[in-house]
Amino acid sequence: MSVPEPGSLLIVVPAFNEEGAIGNVVREVRETLPGVPVLVIDDCSIDNTAALAREAGAQVLPLPHHLGLGGAVQAGYKLAFELGYDYVIRIDGDGQHDPAYIMKIYETLRVTGCQMVIGSRYLNNDHAHSSFIRGLGIRFFRLVLWPILGQYVHDPTSGFVGVNREALQVFSKSFPLEYPEIEALVVLQRKAFRFVEVPCRMRPRAAGKSSITALKSLYYIIHVLLGVFVNVLKYEPKRRKR
Amino acid sequence: MDGLMNFLTGLSLVLIALVLFSVRRSHIRVEYSVSWLGAALTLLVVSRSEALMNRAAAILGLTTAPLALLTLVGCVFLIVLFRLSVLISALKDANIALAQRVAVLEFHLRSLNEKIQTR
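Read top to bottom, the protein sequences are chains A and B. The number in the numbering used here is simply the position in the first sequence, starting from 1, with 1 added. The number in the numbering used here is simply the position in the second sequence, starting from 1, with 7 added.
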């Protein structure tokens, strides 16, 4: 595998109150990929997330107020695009994503020319840490997305995602705010962009609790469904297929 | 019927007074007060015109004028609420874009300062 050229790859880590895990996440990425910059987007945490990320060697983009996951990720994409990065790989700040797979995502982005590469826990059946409800939700969204994307997506809720500069440009301008992963796929599809999945291992959260509770799961499904259909219905000027 | 009409007339007058007071105190911007003033004036006009109400009831196929009045009032306020949702969405988008811009500019500023200090 080729080592990323300086200024080519940026690792983006959106984080909100992740002081229990963020330091180790940053250190692990830096040990796995020495020389590759890590940008932690601090979504106005009320704990020591920003300070611990800086201490571990990350650059920090502190948001002036809480924007939610989509707003935080988009801020990172905007900065990466302005700084001229060719590839951005997003990992979660809770330690669930194994940095050992970052190079695999990067290589796939480079070799295939796809605009997005998703790290999928379902391609090698490594989904022991997914809850029953999440599993059901994922199966449901696979079925919903299949006719829209014209392609089967095994892990549509994965936040372990790499994008190239073309997708970065699109996402800098338009990115879903809440629960962005699934809607982002539809945004890409509307631009006739391609995505591919690669098998990745997911780990249990290193610290803290998931923000998606049982009650929120229902809201999540309704919200994302609505978001998907709104994105499908959105007017987009036609663009040549790649 | 008269009781309901009088109540709605009173409500519309209170609403007009409240909106004008709020505009005067700058609690509502003039451009956002227009929808509420329009809704309150519509409410005032229809609540004082029984003939208009009877005609509306006939058009809508309703048996009683008060039902037509309530339907019209509901529609007017739905339109106002929809307009406000559009405005709130636009403001939220602008707010997010601004917050992201501030964060990115602060990042550039910090990077510049660090570069200057290391020279």
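Backbone N, C-alpha and C define an ideal beta-carbon position, used for all residues, glycine too.
Report the three-state DSSP secondary structure of residue i (helix, strand or coil).
i: A:Y123; result: coil
i: A:P15; result: strand
i: A:I139; result: helix
i: A:L62; result: strand
i: A:P157; result: coil
i: A:D93; result: coil
i: A:L68; result: coil
i: A:L40; result: strand
i: A:V188; result: helix
i: B:K99; result: helix
i: A:T50; result: helix
i: A:G21; result: coil
i: A:H224; result: helix
i: A:Y78; result: helix
i: B:G10; result: helix
i: A:P5; result: coil
i: B:I35; result: coil
i: A:C45; result: coil
i: B:S56; result: coil
i: B:G68; result: coil
i: B:R126; result: coil
i: B:F28; result: helix
Return the CA-CA distance between residue i and residue j, expressed in angstroms with no decimal places.
i: A:V187; j: B:A63; result: 45 Å
i: B:V21; j: B:S96; result: 28 Å
i: A:R122; j: A:F142; result: 15 Å
i: A:V118; j: A:I92; result: 12 Å
i: A:Y153; j: A:L64; result: 35 Å
i: A:E19; j: A:G85; result: 28 Å
i: B:A58; j: B:I66; result: 12 Å
i: B:L15; j: B:L50; result: 7 Å
i: A:F17; j: A:Y221; result: 19 Å
i: B:S29; j: B:R36; result: 8 Å
i: B:A106; j: B:V93; result: 20 Å
i: B:H115; j: A:V27; result: 21 Å
i: A:T33; j: A:R111; result: 19 Å
Contact defined as beta carbons within less than 8 Å: I believe residue i pairs with residue j. What is the distance between those atoms, to the nearest angstrom?
i: A:Y78; j: A:L169; result: 6 Å
i: A:Y88; j: A:N165; result: 6 Å
i: A:S218; j: A:E182; result: With a Cβ gap of about 15 Å, A:S218 and A:E182 do not count as contacting.
i: A:V1; j: A:V30; result: The requested residue 1 of chain A does not occur in the structure, where chain A is confined to residues 2 to 243.
i: B:V53; j: B:S40; result: B:V53 to B:S40, Cβ: 20 Å. No contact.
i: B:A47; j: B:F84; result: Not a contact, Cβ separation roughly 10 Å.
With which residues is residue i paired in a DSSP beta bridge?
i: A:H98; result: A:M203
i: A:F196; result: A:M117
i: A:N165; result: A:Y88
i: A:L10; result: A:Y88
Sorted by chain position, which residues of the same chain lie with C-beta nearer than 8 Å to residue i's C-beta, five sequence neighbours on each side aside?
i: A:Y102; result: G120, F161, V199, C201 and R202
i: A:S9; result: Y86, D87 and Y88
i: A:G138; result: T158, S218, Y221 and I222
i: A:L80; result: L40 and L62
i: A:V225; result: F142, Y180, I183 and E184
i: A:S175; result: V188
i: B:L79; result: T49, V53 and A63
Excluding sequence positions up to five away, which residues of its chain have a Cβ less than 6 Å from the Cβ of residue i?
i: B:L69; result: A75
i: A:A54; result: I23, V27, V41 and V61
Grab me the residues of residue i's own chain with a C-beta within less than 7 Å of its C-beta, minus the 5 sequence neighbours each way, in chain order.
i: B:V111; result: none
i: A:N232; result: E184, V187, V188 and R191
i: A:V37; result: P5, L10 and I12
Quick check: is any heavy atom of the ligand MN less than 8 Å from the C-beta of residue i?
i: A:G58; result: Although the ligand MN was asked about, the structure shown includes no ligands whatsoever.
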